[in-house]
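What follows is a set of notes on a single structure, which appears directly below.
In the working numbering, the protein residues as written are 6 to 447.
Below, the structure written as structure tokens:
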């Protein structure tokens with residue numbers, strides 16, 4: 006009975022719901038939906054037919070014939086009534102969900118979810134958080150649940166949403182407004198290309214908040230405009246960041262916040278029409294605006310530069326005041342790094358006279374591990390954890406909820422190294438509990 010009304014990706018107009026054929030196939034489709042959504046595969050799924058919708062004996066006969074065909078196909082089993090109701094079907098149970106899907110001519114939810122996920126994965130970049138979001142969504146779609154406001158049947162919207170996320174992960178939104186960004190992401194869209202991102206903002210913002218939350222609590226506000234230059238910190242969690250603040254993290258604002266840095270670099274402000282050269286060694290640190298980055302370069306006397314990124318604001322303030330190394334440029338990431346932070350780091354890599362050694366110092370927790378991985382993936386460069394090793398964590402760390410770190414620990418890179426420290430020790434370490442130390446010379 007191919008082409009019956011399905012629960013997944015079947016197409017075509019729905020039949021009249023009052024016909025015996027529709028009553029039968031809708032019952033079978035409900036059974037399949039329930040079978041796919043059950044948590045335990047061996048749990049019995051059954052339905053009791055509603056004979057009140059069958060008006061005549063002929064309707065009952067047609068209804069019964071369809072269910073008997075499904076039973077003959079091995080899709081369901083039929084329980085007949087007793088005594089004077091032996092001519093009626095009392096209950097119908099799922100016997101084989103795969104055969105039931107084949108009988109109805111539809112995909113099972115797990116099959117459809119895998120197919121859609123495989124399609125989306127073809128255009129995702131090698132940035133871990135995009136695949137993590139897709140894996141979480143796929144798990145919900147497999148159970149017939151919506152994920153981030155997207156049902157598995159919404160394949161066009163799923164593709165559009167993840168194309169937006171892929172472009173954000175590649176840094177394509179750096180410094181542009183949502184409508185310009187949207188038009189660039191969907192250049193072949195026949196109309197309203199500039200408005201696609203805006204239509205998806207309601208679902209996109211929670212996804213981006215989840216990414217920031219996954220990288221750990223924010224203790225900075227430099228990138229959201231809430232930090233005064235005296236060093237007061239905003240202790241809000243990521244859920245408290247404004248919508249504009251979330252979008253800015255991924256580059257979707259024309260006016261982005263500056264980056265804090267300190268070290269043997271200079272910024273030639275002739276790129277913005279000034280004759281000033283701003284030394285990066287100015288105590289205690291300088292701020293670099295996105296428009297200044299083309300003028301950023303290492304000092305000529307630095308032969309083998311190094312870079313240290315610092316996750317949290319207090320630790321950055323302490324480090325730049327207490328530790329001075331002539332060949333190290335220290336950059337504040339502000340927790341999850343914004344596109345401006347990444348652009349600055351790429352500029353430091355591109356202008357270095359020799360390939361610089363990159364170090365990262367942050368919290369030893371799931372967020373800190375994912376930040377390190379995100380930096381490596383975004384910069385295409387290896388990173389060494391600083392003050393995040395197993396001995397230090399065993400000495401200063403505290404027990405806490407480590408989160409699901411096994412998949413990250415199985416990968417390569419700094420994020421995996423930090424994740425393994427957490428799993429091996431069972432401890433977490435806040436960056437602020439550690440005193441600043443010089444970056445080691447290799």
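A virtual CB, placed ideally from N, CA and C, is assigned to each residue, including glycine.
Where the beta strand (DSSP E) containing residue i begins and where it ends
i: residue 56; result: Looking at the DSSP string, residue 56 is not in any beta strand (DSSP E), and its letter there is neither H nor E.
i: residue 352; result: From DSSP, residue 352 is part of no beta strand (DSSP E) but of the alpha helix (DSSP H) over 344 to 356.
i: residue 276; result: Where residue 276 is concerned, there is no enclosing beta strand (DSSP E), given that its DSSP letter is neither H nor E.
i: residue 430; result: Counting along the chain, residue 430 falls outside any beta strand (DSSP E), though it belongs to the alpha helix (DSSP H) covering 419 to 430.
i: residue 315; result: 311 to 315
i: residue 85; result: 81 to 85
Between the CA atoms of residue j and residue i - distance to the nearest angstrom
i: residue 313; j: residue 335; result: 5 angstroms
i: residue 141; j: residue 118; result: 11 angstroms
i: residue 349; j: residue 446; result: 23 angstroms
i: residue 409; j: residue 176; result: 27 angstroms
i: residue 121; j: residue 90; result: 45 angstroms
i: residue 291; j: residue 195; result: 46 angstroms
i: residue 306; j: residue 388; result: 24 angstroms
i: residue 402; j: residue 316; result: 17 angstroms
i: residue 325; j: residue 351; result: 21 angstroms
i: residue 355; j: residue 272; result: 14 angstroms
i: residue 330; j: residue 160; result: 53 angstroms
i: residue 380; j: residue 342; result: 8 angstroms
i: residue 67; j: residue 150; result: 33 angstroms
i: residue 71; j: residue 63; result: 13 angstroms
i: residue 320; j: residue 193; result: 46 angstroms
i: residue 24; j: residue 113; result: 25 angstroms
i: residue 32; j: residue 116; result: 21 angstroms
i: residue 152; j: residue 143; result: 8 angstroms
i: residue 444; j: residue 174; result: 29 angstroms
CB contact flag (residue i, residue j, <9 angstroms)
i: residue 138; j: residue 170; result: yes
i: residue 311; j: residue 361; result: yes
i: residue 131; j: residue 107; result: no
i: residue 308; j: residue 266; result: no
i: residue 99; j: residue 59; result: no
i: residue 346; j: residue 339; result: yes
i: residue 102; j: residue 37; result: yes
i: residue 158; j: residue 105; result: no
i: residue 281; j: residue 353; result: no
i: residue 322; j: residue 289; result: yes
i: residue 261; j: residue 214; result: no
i: residue 256; j: residue 180; result: yes
i: residue 183; j: residue 206; result: yes
i: residue 450; j: residue 427; result: Because residue 450 is not part of the residues shown, which for the chain are 6 to 447, the question remains open.
i: residue 93; j: residue 54; result: yes
i: residue 420; j: residue 374; result: yes
Residue interval of the alpha helix (DSSP H) (run including residue i)
i: residue 114; result: 114 to 126
i: residue 398; result: 395 to 401
i: residue 273; result: That residue, residue 273, is in no alpha helix (DSSP H); its beta strand (DSSP E) goes 270 to 273.
i: residue 25; result: 25 to 42
i: residue 95; result: Counting along the chain, residue 95 falls outside any alpha helix (DSSP H), though it belongs to the beta strand (DSSP E) covering 94 to 99.
i: residue 252; result: 248 to 254
heavy atom of the ligand GDP below 8 angstroms from residue i C-beta
i: residue 254; result: Ligands displayed in this structure: none; no statement on the ligand GDP is therefore possible.
In DSSP terms, what residue i is bridged to
i: residue 150; result: Residue 150 is not bridged to any residue.
i: residue 265; result: 292
i: residue 51; result: 98
i: residue 388; result: 363
i: residue 337; result: 315
i: residue 303; result: 270
- Message: Does the region 291 to 301 come into contact with the region 411 to 425, if we say contact requires no fewer than three beta-carbon pairs (one atom in each stretch) closer than 8 angstroms?
- Response: Result no; under three Cβ-Cβ pairs closer than 8 angstroms.
- Message: Three Cβ pairs or more, each shorter than 8 angstroms: is that satisfied between the region 425 to 442 and the region 360 to 376?
- Response: Between the region 425 to 442 and the region 360 to 376, the count of Cβ pairs shorter than 8 angstroms is three or higher; the stretches touch.
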